[in-house]
Ligand SMILES: *Cc1c(COP(=O)(O)O)cnc(C)c1O
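In my numbering, the protein residues as written are 2 to 405.
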């Protein structure tokens, strides 16, 4: 069990007001708030230890390097990677996926096929489409059923001898569906095809074990898991990363540079060109501390309770339509009230202090499949309360008559 007051006291932003009302922050799927210890770690680093990593003999540089590499070890343990060589720091999930598409993409040839799903975030669609500028690649798409679950029967039928890659989200940022990625990966491996998992929405809510999943690549962002902005992680299976060419060129990723021939650094540095956000990376360890102290099972149980309660209460509203009803879904509720525009609903909720997201949520193909242009999305984190759900429901009751 968690003590919600102790948790909330670590997030100063939750005390602020919007239009004179207490903030009810239900936009956690876009970014979560940050506990004091993470912000303090950033401040401490700027005040005490700011020096570029891996380059200096001096004390500050060594301390900064140790802090960055400490986070790498923490992340490796957190997702049960075999080695820190498999943990590459990026700017976020988006850059992690672009890295794989650009680098692994070199191995793809005209006529090869990639399997994606209809519920992918644009970050897991567009990098694959960019490869189509130079090669004739076809992209096949797994559809969903009426509950918002992937059609695994269709998925299995999409494999041919030209299938070269599968990229799939672990948890949908719109529907909340938790995809059976272990099964999806096992099926791809039967065909000798590697799989990238977009873990941006899973890493804040589920225990991740890349070895149990047998994932080839797993991408996620610190800012969605109580960490700082500007930091992401790409996990990659060592043998694959070793075979792949560098993504960007620059400092840090080289062995030796001459105009005749340049050699590249060992993993993971081969994929980390330039100065990384070492301050953010160092502070990310504190977010992992927060999650581990609170306990992922406790976080998941609390969010699940809020999800059930909010879903039940939302159905009191006339014309309520909820998109995504898969059993065991994550704490994300996408909805529309009758034919009211998502933007109007979101704007009125904001006036009542409730922060939700509106629009296509970077998943336009999914919106098209659902036959809508966008939704309103409420999503929960460990610091949200039943009282906040009540405030959200009261606000919905107030605005629904204005929208019909
Ligand atoms: C947020 C999100 C991304 C992109 O993450 P960034 O931190 O913006 O790079 C990718 N996929 C999913 C499912 C997301 O929710």
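C-beta: ideal position from N, C-alpha, C; glycine also. The structure presented is a predicted model; accordingly, all values stated were derived computationally and were not measured.
query	result
Which runs of the alpha helix (DSSP H) spanning at least 4 residues fall entirely within the segment 256-317, listed in chain order?	279-295, 297-315
The alpha helix (DSSP H) spanning residue 134 covers which residue range?	First-last for residue 134: undefined, no H or E at that position.
Going by the DSSP bridge assignment, what does residue 91 pair with across the sheet?	233
Can you give me the C-alpha to C-alpha distance between residue 339 and residue 405, rounded to a whole angstrom?	7 Å
Measure from the alpha carbon of residue 73 to the alpha carbon of each residue in 330, 304, 312, 236, then state which is nearest.	236
Any heavy atom of ligand 1 inside 6 Å of the beta-carbon of residue 199?	yes
Does at least one heavy atom of ligand 1 sit under 6 Å from the Cβ of residue 124?	yes
Using 7 Å as the threshold, is the C-beta distance between residue 248 and residue 103 below it?	yes
Can you tell me whether residue 17 is helix, strand or coil according to DSSP?	coil
Which residues in the same chain have their Cβ closer than 6 Å to the Cβ of residue 350, if we skip the five residues on either side of it in sequence?	357, 396
Tell me whether residue 126 is buried or exposed, calling it buried when 16 or more other Cβ atoms sit within 10 Å of its Cβ.	buried
Taking DSSP as the reference, what is the three-state secondary structure of residue 321?	strand
I want to know whether the segment 265-273 touches the segment 76-89 - three or more CB-CB distances under 8 Å.	yes
Between residue 365 and ligand 1, is the CB less than 6 Å from at least one heavy atom?	no
Curious, which full-length alpha helix (DSSP H) runs of at least 4 residues does the segment 182-216 contain?	182-191, 211-214
When burial is assigned at 16 or more other CB atoms within 10 Å of the CB, is residue 258 buried or exposed?	exposed
Mind reading off the beta-carbon distance from residue 205 to residue 284? Whole number of angstroms is fine, and I expect it under 8 Å.	16 Å between Cβ atoms; not a contact.
DSSP state of residue 98, grouped into three classes?	helix
Look up residue 141 in the DSSP assignment and give the residues it is bridged to.	116
Which class does residue 390 belong to by DSSP, given the choice of helix, strand or coil?	helix
Sorted by chain position, which residues of the same chain lie with C-beta nearer than 8 Å to residue 155's C-beta, five sequence neighbours on each side aside?	143, 144
State the DSSP-derived secondary structure class of residue 402, mapped to helix, strand or coil.	helix
Under three-state DSSP, which class holds residue 165?	strand
Does the beta-carbon of residue 1, which I'm using as the reference point, lie nearer than 6 Å to any heavy atom of ligand 1?	Any property of residue 1 remains undetermined from this structure, which presents the chain solely from 2 to 405.
Once you ignore the five residues that flank residue 123 on each side, which residues in its own chain have a CB closer than 8 Å to its CB?	363, 364, 365
Using a Cβ-based criterion (distance less than 6 Å to any ligand heavy atom), does residue 222 qualify as near ligand 1?	yes
How many whole angstroms separate the CB atoms of residue 307 and residue 381, which I take to be in contact at a CB cut-off of 8 Å?	5 Å
May I ask you to report which of helix, strand or coil DSSP gives residue 221?	strand
Taking 6 Å as the cut-off, is the CB of residue 93 close to at least one heavy atom of ligand 1?	yes
Mind checking whether the beta-carbon of residue 34 lies closer than 6 Å to any heavy atom of ligand 1?	no
Would you list the residues sitting across from residue 379 in a DSSP beta bridge?	334
Between 295, 292, 233, which lies nearest to residue 91 when the distance is taken from Cα to Cα?	233
Around the Cβ of residue 172, are there at least 16 other Cβ atoms within 10 angstroms (buried) or fewer (exposed)?	buried
For residue 47, count neighbouring C-beta atoms within 10 Å of its own C-beta (all shown protein chains included) and say buried if the count is 16 or more, exposed if not.	exposed
From what residue to what residue does the beta strand (DSSP E) around residue 358 run?	358-360
Indicate the three-state DSSP secondary structure (helix, strand or coil) for residue 23 in the structure shown.	strand
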